[in-house]
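Shown next, in structure tokens, is the structure this report addresses.
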Amino acid sequence: QLQLQESGPGLVKPSETLSLTCTVSGGSITSGGFHWDWIRQPPGKGLEWIGSISHSGISYYNPSLKSRVVILMETSKNQFSLKLTSVIAADTAVYYCARDWGKGFNWFDSWGQGALVTVSS
Amino acid sequence: EVVMTQSPVTLSVSPGDRATLSCRASQSVRSNLAWYQQKPGQAPRLLIYAASTRPTGIPPRFSGSGSGTEFTLTISSLQSEDFAVYYCQQYDDWPPYTFGQGTKLDIK
Numbered sequence: 001q002l003q004l005q006e007s008g009p010g011l012v013k014p015s016e017t018l019s020l021t022c023t024v025s026g027g028s029i030t031s032g033g034f035h036w037d038w039i040r041q042p043p044g045k046g047l048e049w050i051g052s053i054s055h056s057g058i059s060y061y062n063p064s065l066k067s068r069v070v071i072l073m074e075t076s077k078n079q080f081s082l083k084l085t086s087v088i089a090a091d092t093a094v095y096y097c098a099r100d101w102g103k104g105f106n107w108f109d110s111w112g113q114g115a116l117v118t119v120s121s
Numbered sequence: 001e002v003v004m005t006q007s008p009v010t011l012s013v014s015p016g017d018r019a020t021l022s023c024r025a026s027q028s029v030r031s032n033l034a035w036y037q038q039k040p041g042q043a044p045r046l047l048i049y050a051a052s053t054r055p056t057g058i059p060p061r062f063s064g065s066g067s068g069t070e071f072t073l074t075i076s077s078l079q080s081e082d083f084a085v086y087y088c089q090q091y092d093d094w095p096p097y098t099f100g101q102g103t104k105l106d107i108k
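Protein sequences appear in the order of chains G and B. Per my numbering, the very first residue in the first sequence carries number 1; after that it's consecutive. Per my numbering, the very first residue in the second sequence carries number 1; after that it's consecutive.
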């Protein structure tokens, strides 16, 4: 059974870089044609897709965040990561990692439990 | 960017009754639409993909319909565990994938 788990600091200072890692178990991130996504949810608000990386390492980003986001794979550890630079208070959110099936089947069928990241000095 | 608009924002329904939730896209997304359920403190759970297909393990009381710009999620005979927030998501025109703002289904 596929499992995803987010990890990283829960508190980041304004203007610094938010870094999160998603560890995947129960399946390889380099197989099956899947895409691996980051999605966030500010407290009490809706869902925002941040970006994704394909099984072959191609990254896709939300244009609204593209200048500040990098998503990478660490295949030896079966992990993928999110870096969001120059954070502000509005970046405070629960950050989820998730899987989509790629190739036009881009619904999110597996999710991590989420990691709350607060941006504050 | 495709804007997804859900209505109503809040829906109050009695247990055992039927709930109908709507989702409208700002342009056609064909049938490339998914629905999710989210309970407090939990990650969203996939309910429907391709507008009307239920993944394995989703009860048949959940059904989706629509195509193009108008979509509906129907929950027949509401159970206590169905009271949650529901989101639609389009995956036809991306990046970015976009979600509706959510409909909160609460107990009447």
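Beta carbons: idealized from backbone N, C-alpha and C, even for Gly. This one's a predicted model, so the numbers in the text were calculated from it and none came from an experiment.
Just reading off the beta strand (DSSP E) that residue i is part of, what are its end residues?
i: Ala25(B); result: Ala19 to Ala25
i: Arg54(B); result: No beta strand (DSSP E) contains Arg54(B), which DSSP labels as neither H nor E.
i: Gly66(B); result: Phe62 to Ser67
i: Ser7(B); result: Met4 to Ser7
i: Tyr96(G); result: Ala93 to Asp100
i: Ile75(B); result: Glu70 to Ile75
i: Tyr36(B); result: Leu33 to Gln38
i: Pro87(B); result: One point to set straight first is that residue 87(B) is Tyr, not Pro, in the sequence displayed. Taken as a continuous stretch (DSSP letters only), the beta strand (DSSP E) holding Tyr87(B) covers Val85 to Gln90.
i: Tyr60(G); result: Ser59 to Tyr61
i: Leu116(G); result: Ala115 to Val119
Determine whether the Cβ of residue i lies closer than 7 Å to any Cβ atom of chain G.
i: Ala59(B); result: For the record, residue 59(B) in the displayed sequence is Pro; it is not Ala. Closer than 7 Å: no.
i: Gly102(B); result: yes
i: Phe99(B); result: yes
i: Leu47(B); result: no
i: Ala51(B); result: no
i: Pro96(B); result: yes
For a cutoff of 7 Å on Cβ pairs, would you count residue i as touching chain B?
i: Gly123(G); result: As shown, chain G starts at 1 and ends at 121. That puts residue 123(G) outside it, with no answer to give.
i: Trp49(G); result: yes
Using 7 Å as the threshold, is the C-beta distance between residue i and residue j below it?
i: Thr118(G); j: Leu11(G); result: yes
i: Ser59(G); j: Ile50(G); result: no
i: Leu82(G); j: Trp38(G); result: yes
i: Val9(B); j: Ser26(B); result: no
i: Ser28(B); j: Gly68(B); result: yes
i: Tyr65(B); j: Ser52(B); result: Inspection of the sequence shows that residue 65(B) is occupied by Ser rather than by Tyr. Yes, they are a contact pair.
i: Ala84(B); j: Gln113(G); result: no
i: Ser12(B); j: Lys104(B); result: no
i: Ser7(B); j: Ser22(B); result: yes
i: Gly33(G); j: Gly104(G); result: no
In its own chain, which residues sit with a C-beta less than 8 Å from the C-beta of residue i, not counting the 5 before and 5 after it?
i: Gln79(G); result: Thr21, Cys22, Thr23, Val24, Ile29 and Met73
i: Asn62(G); result: Glu48, Trp49, Ile50, Gly51 and Val69
i: Gln89(B); result: Met4, Leu33, Ala34, Trp35, Tyr36, Tyr97, Thr98, Phe99 and Gly100
i: Leu65(G); result: Ile50, Gly51 and Leu84
Please work out which residues of its chain come closer than 7 Å, Cβ to Cβ, to residue i, disregarding the five sequence neighbours upstream and downstream, and give them in chain order.
i: Gln1(G); result: Gly26
i: Leu46(B); result: Ala34, Tyr36 and Pro55
i: Ile88(G); result: Pro14 and Val119
i: Glu70(B); result: Arg24
Leaving out five residues before and five after residue i in sequence, what residues of the same chain have Cβ atoms less than 6 Å from its Cβ?
i: Ala93(G); result: Arg40, Gln41 and Pro42
i: Asn106(G); result: Asp100
i: Tyr96(G); result: Ile39, Trp111, Gly112 and Gly114
Original post:
Quick one, which residues of the stretch 85–117 of chain G are near chain B if we go by CB-CB under 7 Å, in chain order?
Top reply: Tyr96, Asn106, Trp107, Phe108, Asp109, Trp111, Gly112, Gln113 and Gly114
Subject >> Contact residues within the stretch 10–40 of chain B, judged by C-beta distance below 7 Å to chain G >> reply: Ala34
Subject >> Within 8 Å of chain B by C-beta, residues of the stretch 60–81 of chain G in sequence order >> reply: Tyr60, Tyr61, Asn62, Pro63 and Ser64
**OP:** Select from the stretch 79–90 of chain B all residues with a C-beta closer than 8 Å to any C-beta belonging to chain G, and list them in chain order.
**Re:** Tyr87 and Gln89
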